[in-house]
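K.L.:
This is the structure I have questions about; it appears just below.
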Amino acid sequence: MRLGDFEIHLLVAGGWHPDGGTMFGVVPKKLWERQKPADENNLVRAACVGVVVRHNGRVLVCETGIGSKLDEKRARQYGVWEPDGLLTCLKRLSVRPEEVDVVLSTHLHWDHAGGFTRRSEGGRVELTFPRARHIVQRAEWDFALAPDLRSRSGYLEDDFLPVEAAGAVEFVDGEAEVLPGVVVRRTGGHTPGHQVVRFEAGDELSCVVTGDLVGMRPHLRVPWTMSADLDVLRVLDEKAKLLEEAAAHRWLLVLSHETDQPAGYVDSDGRWTPEPQLSP
Ligand SMILES: [Zn+2]
């Protein structure tokens, strides 16, 4: 769809099947299950959703999903689906990986930065988008290199170290306009350097990729948080702030793990109206 001079496409880079309790934290199963039915192993279906944006002759990819580097055993454990979704989706849009100028992800967890790199035919890890600058919050980078015990399994160094070794990481701190109209804002909360990404075509014309601040539609309820959130109170504050702004300015939101109409608008009562032009 067009948003001012931005051309925005939905990107569904496959997904996986997390435990429902991982997704909805303290929320009783009786409540979340009505919206996200679990299978016999208590797993729910999650997608890795982002956007591909064309703007001023540039191509931007925001959120890269899990990618295809996980070994077979891990991929089976996580119930990964469509591991090639990132490149398949780009192909459908006639975008070659070498054409991508900027890669953004909300944070460096394996289900968001996995697509930064891929395995070559010879088995080496290489950059998926060799020409792109990759925008990363400094706080996220520092934490990913020295995560606490609980966070260790969330970061896979093969996703991001090769990108830095290639000189393709651009660090930002807090809020930054990385290109005209492309604004990242550090929210922290889920991880220390978690950010949301806003494509701003005008005051009342913005698209925001929410990352794990609002992962799925049930997370539009402010107190519904994920188990993996490191600083829950900060998540609540930042989420309430974002949803208030989104409702006031009718921002288009893209929810990074929603499988069912992940792009839409929220009103001040938390009701969701999907954007029909961005339907998977
Ligand atoms: Zn995630």
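In terms of the working numbering, the sequence shown has 91 at position 96, counting the first letter as 1, and numbering is strictly consecutive.
Positions of the beta carbon are idealized from the N, C-alpha and C atoms, including for glycine.
Taking 8 Å as the threshold (C-beta atoms), are G210 and E195 in contact?
P.N.:
Stepping through the sequence shown from its first residue, residue 195 is reached at position 200. Stepping through the sequence shown from its first residue, residue 210 is reached at position 215. Cβ atoms of E195 and G210: not closer than 8 Å.
K.L.:
Give me the Cβ distance between V22 and W219, rounded to the nearest whole Å; I'm assuming they're in contact under 8 Å.
P.N.:
Residue mapping note: residue 22 aligns to position 27 of the sequence shown, counting from 1. Residue mapping note: residue 219 aligns to position 224 of the sequence shown, counting from 1. The Cβ separation is near 5 Å, so the contact holds.
K.L.:
Given G169, which residues of its chain have a CB within under 6 Å of its CB, disregarding the five upstream and five downstream residues?
P.N.:
The residue you call residue 169 lines up with position 174 of the sequence shown. Counting only Cβ-Cβ distances below 6 Å, and skipping sequence neighbours, we find R181.
K.L.:
Between R193, R119 and P32, which lies nearest to D255 when the distance is taken from Cα to Cα?
P.N.:
As a working mapping, residue 255 is identified with position 260 in the sequence shown. Residue P32 is the option with its Cα nearest to D255.
K.L.:
Can you tell me whether Q190 is buried or exposed? The criterion is at least 16 other CB atoms within 10 Å of its CB, across all chains shown.
P.N.:
On the sequence shown, residue 190 is found 195 positions in, with the first residue counted as 1. Answer is buried; the Cβ neighbour count reaches 16.
K.L.:
Closer than 6 Å by C-beta to G20: which residues in its own chain qualify, once you throw out the five before and the five after it? Chain order, please.
P.N.:
Within the sequence shown, numbered from 1, the residue matching residue 20 stands at position 25. For G20, where only same-chain residues beyond five positions count, the Cβ hits under 6 Å are T220, M221 and S222.
K.L.:
Quick check on the DSSP output: the beta strand (DSSP E) that includes T186 runs from which residue to which?
P.N.:
Counting from 1 along the sequence shown, the entry for residue 186 is found at position 191. T186 -> no beta strand (DSSP E), and no H or E assigned at all.
K.L.:
Check each candidate in T123, G117, L231 and G74 and name the one with the smallest Cα separation from E93.
P.N.:
The residue you call residue 93 lines up with position 98 of the sequence shown. Ranking T123, G117, L231 and G74 by Cα distance to E93 puts T123 first.
K.L.:
Just mark R91 as buried or exposed, buried being the case when its beta carbon has 16 or more other beta carbons within 10 Å.
P.N.:
Indexing the sequence shown from 1 puts residue 91 at position 96. Answer is exposed; the Cβ neighbour count stays below 16.
K.L.:
Is S251 near ligand 1, judged by its Cβ being under 7 Å from some heavy atom?
P.N.:
In the sequence shown, residue 251 corresponds to position 256, counting from 1. Within the cutoff, so yes.
K.L.:
With 8 Å as the threshold, decide whether the Cβ of V131 is near any Cβ in chain C.
P.N.:
This model lacks chain C altogether, as it is built from one protein chain only.
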